[in-house]
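Reading through the structure tokens given below for one structure.
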Amino acid sequence: MTAPALLAFAGLCAILAVTPGPDTFLVLRYSLARPGAGLSASAGSAVGSMLWALAVALGLAALLEQSAEIYRVVKIAGGLYLLYLGVAALIASRRKAAHGPEGQVRTTTLRSGFLAGMLSTLMNPKVGLFFVAIAPQFVPRDGHAIGNTLLLGGIDAAVGSAYLCVVALLASRAVAWLKKPSVTRALERISAAILAALGIGTIALSAAE
0 MTAPALLAFA GLCAILAVTP GPDTFLVLRY SLARPGAGLS ASAGSAVGSM
50 LWALAVALGL AALLEQSAEI YRVVKIAGGL YLLYLGVAAL IASRRKAAHG
100 PEGQVRTTTL RSGFLAGMLS TLMNPKVGLF FVAIAPQFVP RDGHAIGNTL
150 LLGGIDAAVG SAYLCVVALL ASRAVAWLKK PSVTRALERI SAAILAALGI
200 GTIALSAAE
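Letter by letter, the sequence shown follows residues 0 to 208 of numbering that gives the first Met the number 0.
So this is what it looks like as structure tokens:
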């Protein structure tokens, strides 16, 4: 695989990363609740990207692509998961307002951030489409398909997690700088509402296909 091809793929990964999507708002929401959880969500998203790359390398993603019904079910499941994350975040924000920030820190753990980031990426149909339809075009036909596909997955994971870590750190700095619970709660609820809206939109579009 040539250096220009890798650079071109990295550029596409960067475009995908900076385009606002579920992962961005998820990391933002977890960072506002607990800074370390935002970084954990970024790491989980990177693992999700590598799992997509592994699925493509093993040919499992091709089976998903050939079955429109299964793919539609996966997209609906992804939408339901985003909706769940949004609703859960709104409930957690209300609980924090009622009982103080301590309850929020206890429920927002590093483990929950990691799992949410990984599942969000795994169940994001746009990420799946990227790996199924675009990534294979950069894999040369030299007999090393699995290794090259995993290399591309590693590039995507590195670029995506780097951007998400920046989002997490900026959000954490914003919380420390503002020190206004009302503003923090408002941002938490906005990001949660966006997650829920993305989930509803994904479900509606998938059901209409």
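We put the CB at the ideal spot given by N, CA and C, even for glycine.
>> If I measure Cβ to Cβ from C12 and keep anything under 7 Å in the same chain, skipping five residues before and after, which residues do I get?
In response: Shown here for C12: same chain residues with a beta carbon closer than 7 Å to its own, the five before and five after excluded, namely I154, D155, V158, G159 in chain order.
> CA-CA distance, A115 and V131?
Replying inline: Cα-Cα distance, rounded: 22 Å.
> What is the rounded straight-line gap between the Cα of G112 and the Cα of A7?
Replying inline: One Cα belongs to G112, the other to A7, and the distance between them is close to 31 Å.
>> Check this for me: beta carbons of R188 and L89, under 8 Å apart or not?
In response: Contact: yes.
> S48 to A185, Cα distance in whole Å?
Replying inline: Their Cα atoms are separated by approximately 30 Å.
> For the putative contact between T148 and A56, defined by C-beta atoms under 8 Å, what is the C-beta separation to the nearest angstrom?
Replying inline: Contact holds; Cβ gap of about 4 Å.
>> Tell me the residue span of the alpha helix (DSSP H) that contains R28.
In response: Where R28 is concerned, the enclosing alpha helix (DSSP H) stretches over 21 to 32.
> Mind checking A3: buried by the 16 CB within 10 Å criterion, or exposed?
Replying inline: Per the sequence presented here, residue 3 reads as Pro, with Ala not at that position. Label assigned to P3: exposed.
>> List, from N- to C-terminal side, the alpha helix (DSSP H) runs of 4 residues or more that fit wholly inside the segment 113 to 173.
In response: Counting only runs of 4 or more, we get 124 to 128.
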